[in-house]
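Read through the structure below, which is laid out as structure tokens, and then see the notes.
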Amino acid sequence: MTRSKIAISLPRDQLARVQEEVRAGRAGSVSGYISGVLAEQQKRESLRTVLRDLIEQHGAPKAEDLEWAERALAPRRG
Numbered sequence: 185m186t187r188s189k190i191a192i193s194l195p196r197d198q199l200a201r202v203q204e205e206v207r208a209g210r211a212g213s214v215s216g217y218i219s220g221v222l223a224e225q226q227k228r229e230s231l232r233t234v235l236r237d238l239i240e241q242h243g244a245p246k247a248e249d250l251e252w253a254e255r256a257l258a259p260r261r262g
């Protein structure tokens, strides 16, 4: 993928958080962190679009469907 270099301005507290993520090894660089956050945002927006389309086509889920989903997706307790 071709990359373009830009300059952005961030509040100091946000920059400090990003730099901490890089220092902790959770991101390879400030650019990598920001790119990852943007990719996640794009994925969430795509999922919102799919959900909106499903609701338009099939209607909103019923309460019992939501309850089932909550139980099915709840973390397993040992």
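Per our numbering: the sequence shown = residues 185 to 262.
Positions of the beta carbon are idealized from the N, C-alpha and C atoms, including for glycine.
Bear in mind the structure is a predicted one, so any value in this text is a computation, not a measurement.
- Rounded to whole angstroms, the separation of the alpha carbons of Glu224 and Lys189 is 20 angstroms.
- The Cβ-Cβ distance between Tyr217 and Glu205 falls below 8 angstroms.
- Secondary structure at Leu194: coil, using DSSP grouped into helix, strand and coil.
- In the three-state reduction of the DSSP assignment, Ala253 falls in the helix class.
- Straight through space, the alpha carbons of Gln241 and Ala208 are spaced by roughly 45 angstroms.
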